[in-house]
Structure formats: C-alpha cells, structure tokens
Amino acid sequence: MRQSKLFGKTIKEAAKDEISLNARLLNRGGFVEKLMSGVYSYLPLGLRVLDKIKNIVREEMNATGAMEVLMPTLQPKELWDETGRWEGMKDVMFQFKGRGDSDIGLGCTHEEVITDLVRKRIFSYKELPVSLYQIQDKFRNEPRAKSGLLRGREFWMKDMYSFHTTESDFEKYYDEVKLSYLQLFKRCGLDAKIVEASGGIFTEKFSHEFQVFCETGEDTIHYCRECDFAQNIEICEENVGDKCPKCGGEVFESKGIEVGNIFPLETKYSGAMNACFTDKNGERKPMIMGCYGLGPSRIMGTIVEVSHDDKGIIWPKEVAPFAVHLVALGNDEKVFSSADQLYDKLVSAGMEVLYDDREESAGIKLGDSDLLGIPMRIVISNRTLEKNSAEIKMRAEENAELVELDKLLETIKE
RNA sequence: CGGGCUGUAGCGCAGUUGGUAGCGCGCAUCGUUCGGGACGAUGAGGCCGGAGGUUCGAGUCCUCUCAGCCCGACCA
76 MRQSKLFGKT
86 IKEAAKDEIS
96 LNARLLNRGG
106 FVEKLMSGVY
116 SYLPLGLRVL
126 DKIKNIVREE
136 MNATGAMEVL
146 MPTLQPKELW
156 DETGRWEGMK
166 DVMFQFKGRG
176 DSDIGLGCTH
186 EEVITDLVRK
196 RIFSYKELPV
206 SLYQIQDKFR
216 NEPRAKSGLL
226 RGREFWMKDM
236 YSFHTTESDF
246 EKYYDEVKLS
256 YLQLFKRCGL
266 DAKIVEASGG
276 IFTEKFSHEF
286 QVFCETGEDT
296 IHYCRECDFA
306 QNIEICEENV
316 GDKCPKCGGE
326 VFESKGIEVG
336 NIFPLETKYS
346 GAMNACFTDK
356 NGERKPMIMG
366 CYGLGPSRIM
376 GTIVEVSHDD
386 KGIIWPKEVA
396 PFAVHLVALG
406 NDEKVFSSAD
416 QLYDKLVSAG
426 MEVLYDDREE
436 SAGIKLGDSD
446 LLGIPMRIVI
456 SNRTLEKNSA
466 EIKMRAEENA
476 ELVELDKLLE
486 TIKE
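Here's what the structure looks like:
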C-alpha cells in the first residue's frame, strides 16, 4: 500500500474530548473515527488490525472444533419473551417497532437466537456436542459509553455457544476453550489472566473473565502471585494483604481490562426454550450449554493501552496492519526510485508493506511512522543509498541496523 | 440515571464592561528546504451546537434543549 494513496492520514492533535489513550492514538493514526459516543468507523488501517484480530480468533475457535455461523442482528420480541429477557434487558437492548405492530430488538447477545437455531436442527445425542460461534457487530445501549474502543454502543464481538449431553463433556470443552483463549490473547500480544467472576444473570456459578492487567482497566482484581488464584473484587472475599485461600501466599490488587468472559449456562436457556435431545435410552433432556464471549474491537483498544510509547502505538507482530513500513526520506528521485524497486520486490515476495512515498519532510514521515507503530521500519535515504544499504529498525528498539539492499529480502523473510 | 466540565473554521484554541469574529495547525498555489513534525509569500475556509427570550444591538446576558468527555451508578 502506498501511503500517498491511503485514506485516513495522521493528525497532529487529537480531538480534545477523546481522553482515553487508545482512542487518541487510534484517531491520530487514522485507524478509527468516532461518529458518536461509543460508535466508531474503522478506516483502512484500523480495519486491517481488526481483521487480523478476528482471524486469530477464528483460527483458535476452529481449532477447538467450533464452526462459524452468522446470526441476524434484527431479532423478534417473541423469541426473547421465551426467556423473559425482552423485559429484563430493555435498558441495554435497542428495541423498536418494525412493520405493523411487530417489536424488534437489535442483538446485544445471542443466547435466544442460537438456542432457537439449535433446537430446530439437533434432536439426538448422536449430534452432540456442537459448538457454534459468530463474529458480529453487537449493539448495547450502554448507560455510559467510554474509554474509546473499550466500551462502545456498537462493537465487535465473537460469541460462541456450545451444547452438550453431559456436565462432564461440557466441562471438558469449557477448559479447552480457556486454553484456547489464553493462546489467542497471547497471539494478540496480550498477557491475559483467568479471573473468577460473577455469573451475572447467566449462572449461579462463577464465570471466568480474561483480564489484562492495566491501570486504565475498569475492573479490580485480587490475585496471588504464587498461584493462579484471581477473583474480581465483586465476588472476592479476600482483601489486599490477606493470605491466598489457595496457597497461603499474599493477595495483591490490580486494575484489569476484561477482554473475554466465558459462562457455564447449564440448562438455563435450553430449559426455558425447550432445546432438548433424545439420549440413548430414548429420554428427552435439555442440552447443557456454555457461552464464550470476547470483543475483537475491545482487544484492539486494549492492545493500544498496553503496547505504546510516548510517540505512538507499538503493534504486536500478528495484529500489525502491515509487517513492514518502508519509508523514503528526502524528496530525491534516486531515493524514490530505489524505494519503488524495493517496494515492488517486497510486495512480490508476499510481504505486507506500507510504503511512505509521500513528499513530506523527514520529521513528518518518521513521526508518522512512530505513531502508526508498524513493527519493522526500513528507511531509504540519500544517506543509506551512499552506503548501498537500508536502515532497519524494529519498533521500540532504539538501535537501527544497516543492511545491504540485496540481502534485505532474506533478512526480512526469517 | 445523579454529579462535574465543555460546545466559536477540518483540528487545537482566543474572543475584554454586550457593538457585527481572530490565532496556530491543517488545506490550496508558488518558491526555497529535505534524517526527527523546516521557512517565506498568497489564498480559501464561520448558522459562534440548536430553539426561545432580554436589548437599538447577543459569540458574550437569561431560559430551555441537544451533543461530547470525565467521576459515580449500571455492565447482559
């Protein structure tokens, strides 16, 4: 991609009413643009990042044996009346009239729809277990949208639902998804910790949150550094400094951003909606369910919160909008023709390259490059051409190295 | 939903006791620059968030309203 053609250029000063760091950097870099409170457009750069995150999520969910589906955003009141949640969720769900007197809601979660889908298609224990997920825009009329991409009214969510014949089969899958989540967060450059939390309206049991420790998080976690004990303070009985109930170590506190949350649903929805299967003995039983949520757009914001410096974003390799930022410095024909050639070579070698071919000053280009946070930067200038070399810099590493142009491709491919 | 702050050019801001709107950045054109947000010149760009009121006259005063941000409450 030639930067001169890229829609969404950088801006120097962020809008003053964007206080949150992720929103400021993403807005300045031309990744997102706010339309209204909690509602953002994704520009080409931002969409690339979002898509990379979604694809990581896809790969990891598929690896658990789950299958991707896509359910509607428009949903009829009648379905939600089966669980009583049309009334129960009217504060958070956008609800309005369709044709005639029909009531329609915008999807804020999909338990009702998925349960309806599965009860229409699955009848026997032979067809279970099954796990289905979707990656979709969700709508919630948040009382207070805030913190840029972290809490929006329209946002991206991956929601997965699994259906099982037995509690033990469910538990086995639930644990598998836990590991899968840890793996996908790691690939996104996030160090997420599993935290026990309230089951909310879903379950009497604990749910499990995936928390990224970060000062700007809105959750507070009590945890032990010696073992894996960690609880959201909304359910935690231990205070800071108390003994860890699991290993006797000390309890610490941290703020956290909840990037994922998984729940044992048991038969709450299958029971209410009559989603049953026939077992070996010919008995009809409600399916045992789990649900597994995470937010790709919130992950994107979280990455920025935890991975940046004073000059801009530092994208982890797997989610970066481009692998390489090729920057031509100095508006000199020789520089541009060399950079053009290198760009063509890199692209034909399959590299994802953003090529800054703009006629801008060195300061602007390098500053923008810092802001955009692409992991590897290759600089071509008169200075480097004299040495028949390019300067390669990894983001967040101070020292740049000079590499001969001819050997550059091999260097990058490693 | 309570509390606080803010709405003036695309963005950041100034605008005095009420007298008819300005600066910086950005944008356009020209010239000089070219490894850390260079410089000069010229130019375009405004329903002062909206409605009502006070006044000879409102960006400025009053009332209402809408929007955004922050702190709470909420968070399926």
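Numbered continuously in the working numbering, the first sequence closes out at residue 489.
Note that beta-carbon positions come from the ideal geometry of N, C-alpha and C, so glycine has one too.
Comparing alpha-carbon positions, the option among D303, I332, I310 lying closest to C322 turns out to be D303. The continuous beta strand (DSSP E) containing M232 extends over residues 229 to 239.
Contact holds between the stretch 290 to 297 and the stretch 325 to 334, because three or more Cβ pairs, one in each stretch, are under 8 Å apart. Annotation for K152: W161, Q170, S177, D178, I179, G180 place their beta carbon closer than 8 Å to its own, counting only its chain and skipping 5 residues before and after.
In the structure shown, E434 adopts coil according to DSSP, grouped into three states. The alpha-carbon separation between F198 and C351 amounts to approximately 7 Å.
Assignment of T85 by DSSP, reduced to helix, strand and coil, places it in the coil class. Bounds of the beta strand (DSSP E) holding P361 are 359 to 361. A contact is defined here as three or more CB-CB pairs under 8 Å, and the stretch 396 to 403 meets this definition with respect to the stretch 418 to 437.
Between G121 and L101, the alpha-carbon positions lie close to 8 Å from each other.
With a 10 Å radius around the Cβ and a threshold of 16 neighbouring Cβ atoms, M168 comes out buried. The beta carbon of L480 sits closer than 8 Å to those of S413, L417, N463, S464, A465, all from its chain and outside the five residues before and after it, given in chain order. If the five residues before and after V205 are omitted, its C-beta is found closer than 6 Å to the C-beta atoms of F238, all from its own chain and listed in chain order. Taken through DSSP and simplified to helix, strand or coil, P151 comes out as strand. Counting along the chain, A414 sits inside the alpha helix (DSSP H) bounded by residues 408 to 423. Shown here, F288 sits in a strand according to DSSP, grouped into three states. Closest by C-alpha distance to L441, out of P361, E135, G370, R470, is R470. Sequence-distant Cβ neighbours of H283 in its own chain, meaning closer than 6 Å and more than five residues away, are I269, I337. The beta carbons of I131 and L259 sit closer together than 8 Å.
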